[in-house]
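For the record, the sequence lines run as chains A and B.
The opening residue of the first sequence carries number 1 in the working numbering; numbering runs sequentially from there.
The opening residue of the second sequence carries number 211 in the working numbering; numbering runs sequentially from there.
One structure is given here, and the rest of the page talks about it.
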Amino acid sequence: MEPKISIIDYGMGNIYSIKCALKEAGLKSILTNSSNEIKKTQAIILPGVGAFPEAMQRLKKSKIIDVIEDFHYKNKLIIGICLGMQLFFEKSSEISKSSGLSLIKGRVEKFKQNKKSMHVGWSQIELAKSNNSKKTSLKNDLNKKSMYFIHSYHCVPDDKNLITSNSVFGNKKFVSSLRTKNIIAFQFHPEKSGINGIKVYKEISKIINS
Amino acid sequence: MNLRIIPKIDIKNRNLVKGIHLEGLRSLGNPRSFVEIYYSDGADEIIYHDVVASLYERNNAAELIKDASKNIFLPMTVGGGINKLKEVEKILRSGADRVFINTAVLNNFSFLKDCIKNFGSSTIVLSVEVVKDKHDFYCRKDFGRESTDIKLESWLKKTEEVGVGEFLITSIDRDGTGNGFDIDIAKKISKLKLKTPFILNGGFSKLEHFSEVLKVCRPSGFAIGSMLHYNQLDKVSESSSELEGNFDFKSKKISFKDFKKFSISDIKNHIKKKFKLQFRN
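See below:
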């Protein structure tokens, strides 16, 4: 069986765990940075932990940026996890102001108001009103369940209707997942969130196989 | 943020081992079967520590994590003897989310800066293993074997400035004893008002040990070894690897009486009852 989904291997993030979680959810994936391999699959996952500018540079260098744009143009499914989600946006204030992939209108901001401005650990996701599509990857039983986060920046989309869940860090409410026509993105790591996280990948598997 | 209960898996070759004061390592079984039990019992993270890596100058945990990642979907923090950026990368590519470092930073402070620059603050945990001398605590390196004249407080302050993601603070005096975490360390940390979250490790065996600490300071997590491991001995499989280490303890079926039978859920329930603290659900 050919892999249906590519996990983009550009040296950022825990790609092996994503592959294992997809397998658990019944989806065969390939870890790759080859444009040709990626084009053969139906969907892509852009993972990532680390610095936004460094990640953009790597994507540009490896020409993967063109494949992502091609997927987007053709309305094929693009999934972003953590830094991968942030890269979909127009700009980030990380270190020097840098431009992202601009697939989603909005910006990426640093947590400022907390003394401990790095969000590492488990926090609940609260499903948003706009998370009502039949094609959502977050079923209602995941409302107020804990997911694993590791980040110090968060996304601020212009269109609030894209938001599928919010979470709270300190006393700051932030967007923990969103959905557009062809993009699904999580600030948390479903592959590190135990049984609840695997449920997310099982729904993604259904979407891809439908 | 939810408080984390974190089983700490010490590894020698392919065995889960546990010592006292980081010494006299007993082989307790196959690490994989311990981790499977902890996953289903609600562990929030797993720490893997290759305890002989510093001595043999190689970290063997990568393979074990790769294997565990297949069906354990939890954050994993891995360390032991890591002193090269290449090693950090190898471990992260094997399914680990974060690495912890100690000796390499005490030997060469710029290694910490390099790690943070390359992998980001959130990926780098600084392990600090201390021994008490009169009223002060001093950092040790090489898994407790080498002493330094660096005090706990100054080291935490200095490394916090560089931007480590979290501290893993071990009381060597209490490790494996079951006598509770050293409250003097908790008090000293509390005074520092750290901005960086910290995990405390060493000595837990009773439920009250957690409340004692929580009255003094608020760690982001508790790392637990003996208190959990000794309960699983009749449930876990033997390691299939070479028979190295002290197996007498298991083969003679000696029970380790200091440790009562508590599970991760027991610990969480106890803390929930006494404090307004949340755990993941």
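The beta carbon of each residue, even a glycine, is placed where N, CA and C say it ideally should be.
Nothing here was measured: the structure is a model prediction, and the numbers come from that model.
Give the range of the beta strand (DSSP E) segment to which A:Q124 is assigned. Counting along the chain, the unbroken beta strand (DSSP E) around A:Q124 starts and ends at 119 to 127.
Contacts that A:A25 makes with chain B (C-beta to C-beta distance below 7 Å): Listed by position along chain B, the residues whose Cβ is nearer than 7 Å to that of A:A25 form an empty set, because the closest Cβ is around 10 Å away.
Going along chain C, which residues have a C-beta under 9 Å from B:T333? Looking at the structure shown, chain C is missing, and the protein chains on hand are A and B.
Three or more C-beta pairs under 8 Å: does that hold for the stretch 76 to 86 of chain A against the stretch 46 to 60 of chain A? Yes: at least three Cβ pairs fall under 8 Å.
If you measure from the beta carbon of B:N212 to each beta carbon in chain A, is any gap under 9 Å? With its beta carbon less than 9 Å from one in chain A, B:N212 belongs to the interface.
Step through the CB atoms of chain B and report whether any lies within less than 9 Å of the CB of A:N14. Contacts with chain B at 9 Å (Cβ-Cβ) include A:N14.
For the putative contact between B:N491 and A:S146, defined by C-beta atoms under 8 Å, what is the C-beta separation to the nearest angstrom? With a Cβ gap of about 5 Å, B:N491 and A:S146 count as contacting.
Within chain B, partners of A:G100 - CB distance below 8 Å: In chain order: nothing, as chain B lies at least about 17 Å away.
Is the Cβ of A:E191 closer than 9 Å to any Cβ of chain B? Chain B contact via Cβ: present.
Contact list for A:C155 against chain B, beta-carbon separation under 8 Å: Here the premise fails: no neighbours, minimum Cβ distance about 16 Å.
Would A:G80 count as contacting chain B if we go by Cβ distances under 9 Å? Chain B contact via Cβ: absent.
Using the Cβ count rule (16 or more neighbours within 10 Å means buried), how would you classify B:N317? In the assembly as shown, B:N317 is an exposed residue. Its beta-carbon has fewer than 16 other beta-carbons within 10 Å.
Does DSSP put B:Y440 in a helix, in a strand, or in coil? Of the three classes helix, strand and coil, the one that applies to B:Y440 here is coil, per DSSP.
Where B:N389 falls: helix, strand or coil (DSSP): Secondary structure of B:N389 (DSSP, three-state): coil.
Members of the stretch 370 to 385 of chain B that neighbour chain A once the beta carbon cut-off is set at 7 Å: Along the stretch 370 to 385 of chain B, the positions whose C-beta sits under 7 Å from a C-beta of chain A are G375, E376, read in chain order.
Bridge partners - B:T505, DSSP secondary structure assignment: Outside the shown range of chain B (211 to 491) lies residue 505 of chain B, about which nothing can therefore be said.
Assuming A:V108 contacts A:Q86 (C-beta within less than 8 Å), just tell me the rounded distance between them. Approximately 5 Å separates the beta-carbon atoms of A:V108 and A:Q86; this is inside 8 Å, confirming the contact.
From the DSSP output, in three-state form, read off A:N166 for me. A:N166: strand per DSSP, three-state reduction.
If contact is defined by three or more beta carbon pairs under 8 Å, each pair taking one atom from either stretch, is the stretch 415 to 429 of chain B in contact with the stretch 386 to 402 of chain B? These segments touch.
So, for A:E37: in the same chain, excluding its five sequence neighbours on each side, which residues have a beta-carbon less than 8 Å away from its beta-carbon? Only S6, I30 meet the Cβ criterion.
Supposed close pair A:S205, B:N212 - CB separation, criterion 8 Å: Not a contact, Cβ separation roughly 28 Å.
By Cβ distance below 7 Å, which residues in the same chain neighbour A:T180 in space, the five residues on each side in sequence not counted? Cβ within range, chain order: I104, L162.
What does B:F329 reach in chain A if we use C-beta pairs closer than 7 Å? Those are G50, listed as they occur along chain A.
Which residue comes first and which comes last in the alpha helix (DSSP H) that contains A:Y16? First-last of the alpha helix (DSSP H) with A:Y16: 15 to 24.
Less than 9 Å between CB atoms is the rule here; does A:S17 satisfy it with respect to chain B? So yes, A:S17 belongs to the interface.
Cβ pair B:G413, B:N441 closer than 9 Å: No, Cβ-Cβ distance for B:G413 and B:N441 is not below 9 Å.
Can a CB atom of chain A be found closer than 9 Å to the CB of B:P429? Using a Cβ-Cβ cut-off of 9 Å, B:P429 does not count as an interface residue toward chain A, since no Cβ of chain A sits closer than that to its own.
Cβ-based neighbour list, A:K19, same chain, cut-off 8 Å, excluding 5 preceding and 5 following: Taken in chain order, the residues that qualify are I7, S29, L31.
Using a C-beta to C-beta distance shorter than 9 Å, which residues of chain B count as neighbours of A:K145? Here the neighbours are R490, N491.
I'd like to confirm something about A:K76: is its beta-carbon nearer than 8 Å to some heavy atom of the ligand MN, or not? Although the ligand MN was asked about, the structure shown includes no ligands whatsoever.
Work out the CA separation of B:I382 and B:H480 for me, nearest whole Å. Taking the Cα positions, B:H480 is about 25 Å away from B:I382.
The stretch 338 to 347 of chain B / the stretch 368 to 383 of chain B touching (three or more Cβ pairs under 8 Å): Cβ pair count under 8 Å is three or more, so yes.
Report yes or no: is there a C-beta of chain A within less than 9 Å of the C-beta of B:N269? By this cut-off, B:N269 is not an interface position.
Under 9 Å, do A:Y153 and A:F186 count as touching if we go by C-beta distance? No, these two residues do not count as a Cβ contact at 9 Å.
Strictly below 7 Å CB to CB, what residues from chain A border B:R303? Within 7 Å Cβ-Cβ: Y16.
I believe A:H119 touches A:F88 by the beta-carbon criterion, under 8 Å. Please report the beta-carbon distance rounded to the nearest angstrom. No, A:H119 and A:F88 are not in contact; Cβ-Cβ is about 19 Å, not under 8 Å.
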